[in-house]
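Trainee: Position 164 of the sequence shown, counting from 1, maps to 164 under UniProt numbering, and the rest follow consecutively. Here a beta-carbon is modelled for each residue, glycine too, at the ideal position from N, C-alpha and C. All values derive from a computational prediction rather than experimental measurement.
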Amino acid sequence: MFEFAWPWVFALLPLPWLMRLVLPAADSGEPALKVSFLGDLEGLVGRRARANLPTWRQQAPFILLWLLLLIAAARPQWLGEPLPIAASGRDLLVAVDVSGSMDFPDMQWKDEEVSRLALVQHMLGDFLEGREGDRVGLILFGSQAYLQAPLTFDRRTVRHWLDEARIGIAGKNTAIGDAIGLALKRLRQRPAHSRVLILVTDGANNGGEIDPLTAARLAADEGVKIYPIGIGADPEQSGTAGFLGVNPSLDLDEATLKDIAQATGGRYFRAQDGEQLLAIKTTLDQLEPVTQQPTQARPALALYHWPLAVALLLSMLLVARARWPDNPLQRLFNQPLFQPAQHTEWRQRLKRLRLRRRR
């Protein structure tokens, strides 16, 4: 089906004529020839004298050019048949702790020691990109919580923003309650029974303005299910010491994270290395999708380039007519006022008329 995306553009159609009424007439710079016997000449040839071109012939190329530009600006398009869009799944937000302790390199992945944030970026990046049919979003939190990517079907972009996360970008502390509150603010606008928050942290709540358990109870009232993931190696088995010889894993508040999961109907996970985090990812992948309201989209084929191309071609022809007057196009649009006389009788009658006026 053919349609214009912006049909209101055609309201500008009378704009050139309105400008002609409002603005003063332009001076052509050419002298005008006036004759006193114009009426006699009209009687000889049997028709009224007029300008070099009829008004409509003078304006026709420019009217057509203006109309073509309006058609292109109105965005003509051809709409195809409606196609269904896969819109079943969950609205899933991932809140990742980017406080200073997430830079601690105590995680094992493929026999190499990597930082906690690097492992989360790799594992959860794959998890997010594989959630086909889900809307996913990203929250980064430290001393404060920030929405890095809103809920979207563009999972690859969300993974890109996760990979771009840097330690300390949101502050040095850990505001778990604020992260849950921000996620609740975004998820409460979505349909119920499809709201999920995955909370990744390695510490305890020591910043922000909202208590984590209070935020969890509010999330439960709104039907938001939270899956906390406590990340960090076992402090008794890890031989890596942190600043001042203290292992940051000792700061992990597992009790609070378990209470958050229990209050919202979720499940708490503990990731002490890359293999465990991979198993958690597999478990989260088994979340059953919830059917939402089906949506449809109609593919649109843009056609504006056709009238735009014709307008460009017509503009070039008008410029060529002005710069090179002696061409077929100029002769077509610039016919002489009166055709040359074909008979000597017409010349004699004109000569007698001039003599008569002199007497």
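Can you grab the Cα-Cα spacing for the pair Leu21 / Ala11, in whole Å?
Mentor: Between Leu21 and Ala11, the C-alpha separation is close to 17 Å.
Trainee: Are the CB atoms of Ala179 and Gly208 nearer to each other than 9 Å?
Mentor: Cβ atoms of Ala179 and Gly208: closer than 9 Å.
Trainee: Quick one: complete alpha helix (DSSP H) runs, 4+ long, within the region 93–146?
Mentor: 116–129, all fully within the region 93–146.
Trainee: Considering Glu312, what are the terminal residues of the beta strand (DSSP E) in which it resides?
Mentor: A quick correction: the sequence has Leu, not Glu, at residue 312. Not the beta strand (DSSP E): Leu312 falls in the alpha helix (DSSP H), residues His305 to Arg323.
Trainee: What is the DSSP secondary structure of Pro14, counted as helix, strand or coil?
Mentor: Three-state DSSP puts Pro14 in coil, outside helix and strand.
Trainee: Using only the alpha-carbon positions, how far apart do Gly100 and Pro76 sit?
Mentor: Cα to Cα, the separation comes out at about 54 Å.
Trainee: Tell me whether Trp78 sits in a helix, a strand or coil according to DSSP, three-state version.
Mentor: Three-state DSSP puts Trp78 in a strand.
Trainee: Val196 and Val224 - do their beta-carbons sit closer together than 9 Å?
Mentor: In contact: Val224 and Val196 (Cβ atoms closer than 9 Å).
Trainee: In terms of alpha-carbon separation, which member of Gly265, Ile280 and Gly266 lies closest to Gln272?
Mentor: Nearest option by C-alpha distance: Ile280.
Trainee: Is it buried or exposed for Val319, if we count other Cβ within 10 angstroms and need 16 for buried?
Mentor: By the neighbour-count rule (16 or more Cβ atoms within 10 Å), Val319 is not buried but exposed.
Trainee: Kindly indicate the opening and closing residues of the beta strand (DSSP E) around Thr201.
Mentor: First-last of the beta strand (DSSP E) with Thr201: Arg195 to Thr201.
Trainee: Use the C-beta contact count for Arg166: other C-beta atoms within 10 angstroms, 16 or more gives buried, fewer gives exposed.
Mentor: By the 10 Å Cβ count, Arg166 comes out exposed.
Trainee: Beta-carbon within less than 6 Å of Tyr268's beta-carbon, same chain only, minus the 5 sequence neighbours each way: which residues are those?
Mentor: Result list for Tyr268: Pro228, Leu257, Lys258 and Ala261, in chain order.
Trainee: If you drop the 5 nearest sequence neighbours on each side, which residues of the same chain put their C-beta closer than 7 Å to that of Tyr304?
Mentor: These residues qualify, in order along the chain: Ala72, Arg75 and Pro76.
Trainee: Can you say whether Ala216 is buried or exposed, counting buried as having 16 or more other CB atoms within 10 angstroms of its CB?
Mentor: Flag for Ala216 reads buried.
Trainee: Leu18 and Leu70: beta carbons closer than 9 Å?
Mentor: Contact: no.
Trainee: Runs of 3 residues minimum, wholly inside the region 158–237: which ones carry the beta strand (DSSP E) assignment?
Mentor: You should have 195–201 and 224–231.
Trainee: Which first and last residues belong to the alpha helix (DSSP H) in which Leu277 is found?
Mentor: Taken as a continuous stretch (DSSP letters only), the alpha helix (DSSP H) holding Leu277 covers Gly274 to Leu284.
Trainee: Using only alpha-carbon positions, find the residue among Arg90, Gly125, Asp251 and Leu317 that is nearest to His160.
Mentor: Answer by Cα proximity: Gly125.
Trainee: Tell me the DSSP bridge mates of Pro301?
Mentor: For the record, residue 301 in the displayed sequence is Leu; it is not Pro. Note: Leu301 sits in a beta bridge opposite Trp78.
Trainee: Apart from the five residues on each side of it in sequence, which residues of its chain come closer than 8 Å, Cβ to Cβ, to Glu254?
Mentor: The residues are Gly230, Tyr268 and Arg270.
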